[in-house]
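Numbering (the numbering used here), first residue to last: 22 to 284. Since the structure comes first, as structure tokens, the remarks are kept for the end.
Structure below.
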């Protein structure tokens with residue numbers, strides 16, 4: 022018997038890849054619509070601070086861990102907090118793009134699935150931006166939290182009044198966490214290596230970073246995870262290729278003897 026097993030993480034995907042130009046325009050268009058939508062939703066400063074105080078008090082009422090405890094751990098060394106700020110500023114978008122490119126090249130069926138899930142989560146996040154503006158915890162007074170990016174660098178945001186590239190009052194939900202979690206889920210689903218569960222370190226590190234740098238509340242990540250779970254339930258995932266090829270039917274020598282000569 023010559024059944025052949027494929028190496029872990031290298032199963033073929035016979036799905037035809039979608040046209041590259043179309044996919045580039047779809048993904049780029051989604052990102053631009055989201056960025057433009059966030060800019061249009063800007064300007065609700067008083068509502069954003071009101072909602073921020075409500076989120077802070079709700080977290081304390083349900084006994085969620087304090088964001089200040091995570092930040093205190095980061096502030097034990099300048100190098101650690103600088104690394105966290107760098108991770109926040111540089112990993113989020115490139116990691117998601119690399120994830121989509123790899124799926125497009127190696128797992129086309131999983132690529133289409135992941136792109137649809139990310140589009141659904143991102144669209145829902147845009148709706149929340151309009152309906153629930155939220156100032157990040159770094160802007161709240163009386164919490165003991167610092168704006169670590171502004172103090173230790175690098176920072177991706179300028180003063181809110183002069184920042185015309187981003188809406189800083191759109192902390193809910195955290196797409197940093199939502200996208201990172203989808204990267205991990207997608208790679209776990211698309212590969213078979215026994216080490217694939219280590220991809221969960223990406224959203225876990227991201228969660229520690231966004232909370233410790235005071236860019237997001239715990240609740241921002243909880244809502245992002247809930248949106249992702251909903252999207253995963255709505256968008257059907259592709260079936261993974263079996264680990265081994267189905268064995269071919271074999272004609273054993275004794276079968277030939279028992280069958281006798283052909284007549």
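Backbone N, C-alpha and C define an ideal beta-carbon position, used for all residues, glycine too. None of the values given here were measured: they were computed from a predicted structure.
Distance between beta carbons of residue j and residue i, contact taken as under 8 Å
{"i": "residue 142", "j": "residue 228", "result": "The Cβ separation is near 16 Å, so there is no contact."}
{"i": "residue 193", "j": "residue 230", "result": "No, residue 193 and residue 230 are not in contact; Cβ-Cβ is about 17 Å, not under 8 Å."}
{"i": "residue 80", "j": "residue 240", "result": "6 Å"}
{"i": "residue 157", "j": "residue 68", "result": "Not a contact, Cβ separation roughly 14 Å."}
{"i": "residue 54", "j": "residue 110", "result": "No, residue 54 and residue 110 are not in contact; Cβ-Cβ is about 23 Å, not under 8 Å."}
{"i": "residue 150", "j": "residue 205", "result": "About 24 Å separates the two Cβ atoms, so there is no contact after all."}
{"i": "residue 195", "j": "residue 242", "result": "5 Å"}
Straight-line gap, residue i to residue j (C-alpha atoms, nearest Å)
{"i": "residue 75", "j": "residue 159", "result": "15 Å"}
{"i": "residue 95", "j": "residue 135", "result": "32 Å"}
{"i": "residue 73", "j": "residue 98", "result": "28 Å"}
{"i": "residue 36", "j": "residue 130", "result": "6 Å"}
{"i": "residue 88", "j": "residue 38", "result": "43 Å"}
{"i": "residue 288", "j": "residue 226", "result": "Residue numbering for the chain in the displayed model covers 22 to 284; residue 288 lies beyond these limits and cannot be assessed."}
{"i": "residue 82", "j": "residue 90", "result": "17 Å"}
{"i": "residue 146", "j": "residue 188", "result": "13 Å"}
{"i": "residue 207", "j": "residue 112", "result": "17 Å"}
{"i": "residue 125", "j": "residue 84", "result": "42 Å"}
{"i": "residue 259", "j": "residue 212", "result": "12 Å"}
{"i": "residue 78", "j": "residue 161", "result": "12 Å"}
{"i": "residue 256", "j": "residue 65", "result": "33 Å"}
{"i": "residue 224", "j": "residue 120", "result": "13 Å"}
{"i": "residue 43", "j": "residue 108", "result": "30 Å"}
{"i": "residue 40", "j": "residue 152", "result": "35 Å"}
{"i": "residue 106", "j": "residue 133", "result": "32 Å"}
{"i": "residue 123", "j": "residue 71", "result": "42 Å"}
{"i": "residue 128", "j": "residue 197", "result": "23 Å"}
{"i": "residue 86", "j": "residue 93", "result": "13 Å"}
{"i": "residue 10", "j": "residue 49", "result": "Any property of residue 10 remains undetermined from this structure, which presents the chain solely from 22 to 284."}
One or two residues paired with residue i in a DSSP bridge
{"i": "residue 191", "result": "155"}
(request) Determine, using beta-carbon pairs with one atom in the segment 231-239 and one in the segment 130-140, whether at least three such pairs fall under 8 Å. (result) Touching, no, given that fewer than three Cβ pairs across the two stretches are closer than 8 Å.
(message) With three or more beta-carbon pairs closer than 8 Å as the criterion, would you say the segment 165-179 touches the segment 96-111?
(response) Proximity of the segment 165-179 to the segment 96-111 meets the contact definition, three or more beta-carbon pairs being nearer than 8 Å.
(message) With a threshold of 8 Å, are at least 3 pairs of Cβ atoms found where one atom belongs to the segment 195-208 and the other to the segment 108-119?
(response) Taking 8 Å as the limit for Cβ pairs, the verdict is that the segment 108-119 does touch the segment 195-208.
(message) Under 8 Å, with one C-beta from each stretch per pair, do the segment 148-166 and the segment 217-225 reach the 3-pair mark?
(response) By the Cβ rule, the segment 148-166 does not count as touching the segment 217-225, because fewer than three pairs are nearer than 8 Å.
(request) Enumerate, from N- to C-terminal direction, the unbroken alpha helix (DSSP H) stretches of 4 or more residues contained entirely within the segment 112-181. (result) Whole alpha helix (DSSP H) segments, 4+ residues: 113-127, 129-152 and 169-173.
(request) Give, in chain order, every unbroken run of the alpha helix (DSSP H) that is at least 4 residues long and sits entirely within the segment 188-232. (result) Counting whole runs of 4 or more residues, the segment 188-232 contains the alpha helix (DSSP H) stretches 196-211.
(message) At 4 residues or longer, what runs of the alpha helix (DSSP H) sit wholly inside the segment 60-107?
(response) Annotation note: the segment 60-107 contains the following uninterrupted alpha helix (DSSP H) runs of length 4 or greater, listed N- to C-terminal: 66-82 and 88-95.
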